[in-house]
Amino acid sequence: MNERGYGVDWQDSHKYITYSDLAREQAGEKACKIRDNKLEKYYNMDFGKESMEHEFERNARTAEAEQSKRAASRVKPTEPDRAGKQSAQRSVGDVERELRGIDEAVKSRTSEGRAEQAERRRAEQEAHQRAEAERRAAEEQQRLLQDAISGEIGSLKDEVKENTVQEVRKALQANIEAIQRATKLLEKQSDTLTSVMKQKIRELEESKNSFFRYEGLKLYLFWGGMVCKGCNYRGKPLWLQPFLRFCGKMMNEQHQIVIGKILPKRYRKLYCL
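For the sequence shown, position 138 matches number 138 in the UniProt record's numbering, and the numbering has no gaps at all.
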């Protein structure tokens, strides 16, 4: 327990054993006591009273046995036995014979070991050659597989490229056709607008010509009527006076007819009709 850093408070009156954490006690902490049941949880060992008693007794017996062995080793040996010397001398020849047998056995075993070593090396070389051949075969298969995959990928790329080009061409052709249709429609609309504008211009020209023609006729009738009205009938021959009155009356009526009926409606307001 001292090796683990705990001091033992051994008291038979207690049902448990109290241990002290020496490091915490030296540090001056008060709560440095721990019971055996806590240590059993920490170390997964039995720290109870009975087990500790048996452990102390076993340690005591072991210490006594070691002490007796050390005491016996310190006693000086007695005088050697002569018979033992003789038996030792006789056994020298046996030892030499045994050594020679051992040497021969070692040599035979050495030759056998060399043969076994050569056989082992040959087996290792064969295994290495087989592994190398298998590795090369696997690499060749992998290369062939990669070539096949690359060829398939290339063909797929070409097919996809061709399909893409065809789709793009179709889309461009559709766009061109749509543009052509729109252009034709615009040209048709432009022709229609051009014809409409020409028609409007002709109508304006005709309206302008009609306006000036009717305006000239109106002025002619107006001033003719005024001249006829302003004529001094006196001093004229009697046969000419009725004719002049008739001409003035007719010019006035024609003036009203031209302005009220012949001219368009938008010009009638100019003459208060």
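Don't be surprised by glycine CBs; every beta carbon is placed ideally from N, CA and C. In this text the structure is predicted, and so the values were computed from the model without any measurement.
query, result
"Can you grab the Cα-Cα spacing for the pair residue 300 / glutamine 173, in whole Å?", "The requested residue 300 does not occur in the structure, where the chain is confined to residues 1 to 273."
"If you reduce the DSSP assignment to three classes, tell me which class residue 353 lands in.", "The requested residue 353 does not occur in the structure, where the chain is confined to residues 1 to 273."
"Report the rounded CA-to-CA distance for glutamate 104 versus arginine 114, giving the unit in angstroms.", "15 Å"
"Under a three-way DSSP split, which group does alanine 115 fall into?", "helix"
"DSSP on alanine 27, reduced to helix/strand/coil?", "coil"
"Using a C-beta cutoff of 8 Å, does threonine 192 count as contacting chain B?", "In the structure shown, chain B does not exist; there is a single protein chain."
"Give the DSSP-derived three-state secondary structure of glutamate 177 in the structure shown.", "helix"
"Between the C-alpha atoms of proline 77 and glutamate 57, what's the straight-line distance to the nearest angstrom?", "Its pLDDT being 48, under 50, proline 77 is placed unreliably in this model, and the value from its coordinates should be taken loosely. Rounded to whole angstroms, proline 77 to glutamate 57 spans 33 Å at the Cα level."
"Could you tell me the alpha carbon to alpha carbon distance between histidine 128 and glutamate 134, rounded to whole angstroms?", "10 Å"
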